[in-house]
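A.B. asks: One structure follows; several queries about it will come next.
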Amino acid sequence: MRRTPHFLLAAACVLAVGTACASDKGDPVTAPPTFATEVSPTAAPPEPSAVPSPARSSARPSPAAPSWPSPADCVSYNPNNLTVHYEAGIHEVRDGSKLVARLHGGPGEQIGDQGLALAQRYKRHCFIGRDNGREDENAYVFDYWRDPSGKRTTIPGEDEACSSYDRGNLQVNDMGSGHGWRVKDDDHVLHVFDDESDARAGRLVLAKYGQICSLGNPPDDDQDYVTYGK
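The following block contains the structure:
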């Protein structure tokens, strides 16, 4: 499953020049009045240290963190056109010929209805890590759902399908020995990922919720089930 503005600086400085006048009057009887005007010299500019420096900043704001993994790997569909098909232990939710979700389970189980009800709540089914290339690749694929449709469907048995976690305590860890990465809340492992990039993208999604839910009964450790947050 796969996790950017400028400032205009302006400053103006005004230097005021002052003037002063003086006059000298002679004898009013023996000589006509005379006047003299003296202009004071231009005031010297203040020392450079006294002149406020224009505000400057070389710092730039950090790019905004993405709200969803980018680029997104999603399947868009029409929630009003969904049907369920079952064959050989696989329940498929489809929009016409487009596969929306795939869940393991027996023919008499409610897994198909669960997948249908979930898919009807949204318009996009998204994935992280579908190209991981591992032998047990399904175990390293994390899926999530976007663009709510507005439908308030009931998912049968949803309470048993979900577990809570502290979204403020999510940790991304390297499991070592090439076993991939994981996102966990202390001892509660929420999902495993192929690499650190996928794990951080998964953490971005998981931080939006407080519960993780899983639908489907995979037959082995190569987990092929549907997850969603709430």
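Everything in the sequence shown is counted per the numbering used here, starting at 1 for the first residue and increasing by one.
Using N, Cα and C, we set each Cβ at its ideal position, and we do this for glycine too.
Here the structure is a predicted model, which means the values were calculated and not measured.
What is the DSSP secondary structure of Asn217, counted as helix, strand or coil?
C.D. replies: The answer is coil: DSSP assigns Asn217 none of H, G, I, E or B.
A.B. asks: Which residues in the same chain as Arg203 place their Cβ atom closer than 6 Å to its Cβ, once the five residues preceding and following it in sequence are excluded?
C.D. replies: Contacts found: Leu170, Val172 and Val183.
A.B. asks: For the region 90 to 103 and the region 73 to 82, state whether three or more C-beta atom pairs, one from each stretch, are separated by less than 8 Å.
C.D. replies: The answer is yes - the region 73 to 82 touches the region 90 to 103, with three or more Cβ pairs under 8 Å.
A.B. asks: Can you tell me which of the three DSSP states Ser197 falls into?
C.D. replies: Note: Ser197 maps to helix in three-state DSSP.
A.B. asks: Starting from Gly115, trace the alpha helix (DSSP H) both ways and give me its first and last residue.
C.D. replies: Ile111 to Gln120 is the span of the alpha helix (DSSP H), which, as asked, contains Gly115.
A.B. asks: So, is Pro156 buried or exposed, given that buried needs 16 or more other C-beta atoms within 10 angstroms?
C.D. replies: Exposed: under 16 other Cβ atoms inside 10 Å.
A.B. asks: Assign His231 to buried or exposed, taking buried as 16 or more other Cβ atoms, counted over all protein chains shown, within 10 Å of its Cβ.
C.D. replies: Residue coverage of the chain in this structure runs from 1 to 230, which leaves residue 231 outside it and unanswerable.
A.B. asks: Quick one: is Lys208 buried, meaning 16 or more other Cβ sit within 10 Å of its Cβ, or exposed?
C.D. replies: Looking at its Cβ environment, which holds fewer than 16 other Cβ atoms inside 10 Å, Lys208 is exposed.
A.B. asks: In angstroms, rounded to a whole number, what distance separates the CA positions of Asp131 and Gly180?
C.D. replies: Near 14 Å, if we compare the C-alpha coordinates of Gly180 and Asp131.
A.B. asks: Taking the CB atoms as reference points, tell me whether Ile111 and Arg102 lie closer together than 8 Å.
C.D. replies: No, they are not a contact pair.
A.B. asks: Given a threshold of 16 other Cβ atoms within 10 Å of its Cβ, counted over all protein chains shown, does Gly115 qualify as buried or as exposed?
C.D. replies: With 16 or more other Cβ atoms within 10 Å, it is buried.
A.B. asks: Would you give the residue range spanned by the alpha helix (DSSP H) that Glu158 belongs to?
C.D. replies: Per DSSP, Glu158 belongs to the alpha helix (DSSP H) from Glu158 to Ala161.
A.B. asks: Thr154: buried (16+ other C-beta within 10 angstroms of its C-beta) or exposed?
C.D. replies: Flag for Thr154 reads exposed.
A.B. asks: In whole angstroms, what separates the C-alpha of Gly106 from that of Glu87?
C.D. replies: Each residue's alpha carbon lies about 9 Å from the other.
A.B. asks: Whose CA, out of Gly210, Val205, Ile212 and Val226, lies closest to the CA of Pro66?
C.D. replies: Of the listed residues, the one whose Cα sits closest to Pro66 is Val205.
A.B. asks: Is DSSP giving Asn78 helix, strand or coil here?
C.D. replies: Three-state DSSP puts Asn78 in coil, outside helix and strand.
A.B. asks: Assuming Ser164 contacts Gly210 (C-beta within less than 8 Å), just tell me the rounded distance between them.
C.D. replies: About 6 Å separates the two Cβ atoms, so the contact holds.
A.B. asks: Excluding the 5 residues preceding and the 5 following Val189 in the sequence, name in chain order all residues of the same chain whose CB lies nearer than 7 Å to its CB.
C.D. replies: Same-chain partners within the cutoff: Arg182.
A.B. asks: Once the 5 residues before and after Tyr225 are set aside, which same chain residues still bring their CB inside 8 Å of it?
C.D. replies: Hits under 8 Å: Leu103, His104, Ser214, Leu215, Gly216, Asn217 and Pro218.
A.B. asks: His125 and Ala117 look like a contact to me (Cβ under 8 Å); what is the Cβ gap, rounded to whole Å?
C.D. replies: Actually they do not touch by this definition, with Cβ atoms about 14 Å apart.
A.B. asks: Rounded to whole angstroms, how far is the Cβ of Asp185 from the Cβ of Asp198, which I believe are closer than 8 Å?
C.D. replies: About 18 Å separates the two Cβ atoms, so there is no contact after all.
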